[in-house]
Amino acid sequence: MKITRSDVEHVATLARLELAEDEKDRFTGQLDAILAYVEKLNELNTDGIVPTSHAVPVENAFREDEVRPSIGVENALANAPDRVEGFFRVPRVIE
928 MKITRSDVEH
938 VATLARLELA
948 EDEKDRFTGQ
958 LDAILAYVEK
968 LNELNTDGIV
978 PTSHAVPVEN
988 AFREDEVRPS
998 IGVENALANA
1008 PDRVEGFFRV
1018 PRVIE
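Quick note: to get my numbering, add 927 to the position in the sequence shown (first position is 1).
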């Protein structure tokens, strides 16, 4: 797959990035090289290889749930920049 300058411009628009002309040229070459490498990897024979999510075995590192007392409302709100009646006050996001 060949990456074109218009592909880079389209992705930049979707990501809301403003790229300089030299960046567009550089990223076009870099992305094309990345996809060429991925194509090369696709040529490998992976028959009989079990898909894995990790290269090494991973065990659950979570601890057992343990009931403990909470820190309380006053401690939770101690560093709050603005609070009202035991709640965090945050800026309105919907008008």
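Note that CB positions come from ideal geometry on N, CA and C, so glycine has one too.
Compute the beta-carbon to beta-carbon distance between K951 and V938, rounded to the nearest angstrom, for a pair I have assumed lies under 8 Å.
That belief does not hold up - the Cβ atoms of K951 and V938 are roughly 10 Å apart, past 8 Å.
Looking at the secondary structure, which residues open and close the alpha helix (DSSP H) in which I961 lies?
E948 to N969
Hey, would you say I976 sits closer than 8 Å to T955, going by beta carbons?
no
One question on the structure: do R1016 and R1010 come within less than 8 Å of each other, judged by their Cβ atoms?
yes
According to DSSP, is R990 part of a helix, a strand, or is it coil?
coil
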